[in-house]
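For reference, the structure discussed in these notes is given below.
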Ligand code: NZQ
Ligand code: ZN
């Protein structure tokens, strides 16, 4: 096991009807900006619950943060925060709203060009306090310090990470997810699945406990995923899926492990270029990446075939790895998710060429062994 340090300052408040607890968590003297997306929280009554909880508090609203939050929109919020002097941000919505709010929190305290925080690795020295009522189980953003920001002007999408933007608290009420469109529920299941794989399916550094946690999340997803799609109002299934998503990317399963994240980085390009949902890109790239990188990932994929998919432990490792790849693809199909670029009307060769061009220009190499060069990425996308 590799050395690690871990501290998560986020208080998690999990369960039905917990939005009312907002009033106990935010100090009365704060000037609050509630941030949200395209209006789902108005339709499903979440905003109403937030306002009821914050009766008597000093707050205002900023709506319109898009899925794959756009830098151009966030700049408007940053200006509003600076001009009107808010000192607490409350994100209410999915991962995009929360990610966007993390960026607003950091950029509002930064005097330079905000984009530099993302692309130039400028250290975030301080950020506004933020918290959230998260309404979509997928990103784990409610218990991590990452965000992913897109820029319309340049068709780019990059991660942004700073310990200063951990939420102070996250309210996770699984009832808020009853209103999710099926497509978003599937996105969340796939995103969680792939987060776990980015941290588990690399090379073994003797982390049996972390591996069991990771595979425990996967087994739960395989059971609860189809259930939640059959019974969208099933509270227990919604609760289990949400906790899987949170634990899938609160860094817990990756402590002391070796991580990959190439599927995500290639997927981000597909979103930036073609506008596919994050969860759609991952189901396309993961199986192809596993086929191309099978040798490197053989041990972990084989272990997963035995422990998750019930394969015979005496089969050759290569065959076991194939079983994991095929069964995972089958799971994505079973929950209604396509796994090929062509099914979205995208020419794999064109996509592969553009992504190779972008990665070459940026000198990007990916993967746990840093051996996914632009040429290897080309092969992965071409076969996706
Ligand atoms: O905008 P509104 O109207 O709120 O509607 C949203 C949006 O259209 C809707 N929605 C959210 N909660 C709902 C709901 N509709 C009905 N009922 C609810 N309870 O769902 C749509 C998608 O929302 P979005 O926030 O974009 O989805 P998600 O949570 O999957 O976030 C995706 C973004 O997170 C980034 C992705 O790259 C992408 O930009 N990621 C962030 C990570 C992190 N912070 O650690 C890690 C992930 O790998 C991921 O990359
Ligand atoms: Zn993701």
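Numbering (our numbering), first residue to last: 500 to 883. Quick reminder that beta carbons are idealized off the backbone N, C-alpha and C, glycines included.
Q: Along the beta strand (DSSP E) that carries residue 649, what are the first and last residues, could you check?
A: 645-650
Q: Check each candidate in 861, 774 and 703 and name the one with the smallest Cα separation from residue 801.
A: 703
(Q) Closest to residue 535 by C-alpha separation, out of 528, 525 and 546, would be which residue? (A) 546
Q: Sort 745, 676, 550 and 712 by Cα distance to residue 732 and report the nearest one.
A: 676
Q) What alpha helix (DSSP H) runs, 4 residues minimum, are completely inside the stretch 557-583? A) 570-583
Q: With a threshold of 16 other CB atoms inside 10 Å of the CB of residue 836, please say whether the residue is buried or exposed.
A: buried
**Q.** Near the ligand ZN: residue 586 beta-carbon under 6 Å from a heavy atom
**A.** no
Q) Within the chosen definition, does the stretch 764-783 reach the stretch 663-677 through at least 3 CB pairs nearer than 8 Å? A) no
Q. When DSSP labels each residue in this structure, what does residue 942 get in the three-state scheme?
A. This structure cannot speak to residue 942, because the chain is shown only from 500 to 883.
Q.
Please return the same chain residues whose Cβ sits closer than 6 Å to the Cβ of residue 701, not counting the five positions on each side in sequence.
A. 757, 759 and 867
**Q.** Pair within 7 Å by beta-carbon distance, residue 824 and residue 786
**A.** yes
Q | Counterpart residues of residue 668 in DSSP-defined beta bridges | A | 510
Q: Can you say whether residue 506 is buried or exposed, counting buried as having 16 or more other CB atoms within 10 angstroms of its CB?
A: exposed
(Q) Between residue 590 and residue 626, how many whole angstroms is the CB-CB distance? I'm expecting something under 8 Å. (A) The pair is not a contact, with the Cβ atoms about 13 Å apart (cut-off 8 Å).
Q. Shortest alpha-carbon distance to residue 634 belongs to which of 570, 513, 601 and 618?
A. 513
Q: Measure the C-alpha to C-alpha separation of residue 697 and residue 761 and round it to an integer number of angstroms.
A: 8 Å
Q) According to DSSP, what are the bridge partners of residue 728? A) In the DSSP output, where bridge partners are listed per residue, residue 728 has none listed.
Q: Could you tell me the distance, in whole angstroms, from the CA atom of residue 834 to the CA atom of residue 728?
A: 8 Å
(Q) Please tell me whether residue 720 has its Cβ less than 7 Å away from any Cβ of chain C. (A) Checking the listed chains, one finds no chain C in this structure; it contains a single protein chain.
Q) Roughly how far, in whole angstroms, is the beta-carbon of residue 518 from the beta-carbon of residue 587, given that I think they are within contact range, below 8 Å? A) At roughly 16 Å, the Cβ-Cβ gap does not stay under 8 Å, so residue 518 and residue 587 are not in contact.
(Q) Considering only heavy atoms of the ligand ZN, does any lie closer than 6 Å to the CB of residue 759? (A) no
(Q) Please report the straight-line C-alpha distance between residue 653 and residue 735, rounded to a whole angstrom. (A) 42 Å
Q. How about residue 797 and residue 826: do their beta carbons lie closer than 7 Å?
A. no
Q. So what does DSSP say about residue 813, is it helix, strand or coil?
A. coil
Q: Just the C-alpha distance for residue 855 and residue 771, rounded to the nearest angstrom, thanks.
A: 14 Å
Q) residue 569: buried (16+ other C-beta within 10 angstroms of its C-beta) or exposed? A) buried
Q: Kindly examine the ligand NZQ and report whether one of its heavy atoms sits closer than 6 Å to the Cβ of residue 832.
A: no
Q: Can you tell me the Cβ-Cβ gap for residue 791 and residue 878, rounded? I've got them flagged as a contact below 8 Å.
A: 5 Å
Q. When you compare only the Cα positions, how much space is there between residue 549 and residue 636?
A. 19 Å
Q | Where residue 655 falls: helix, strand or coil (DSSP) | A | strand
Q) Looking only at C-alpha atoms, which of 592, 644 and 571 sits nearest to residue 613? A) 571
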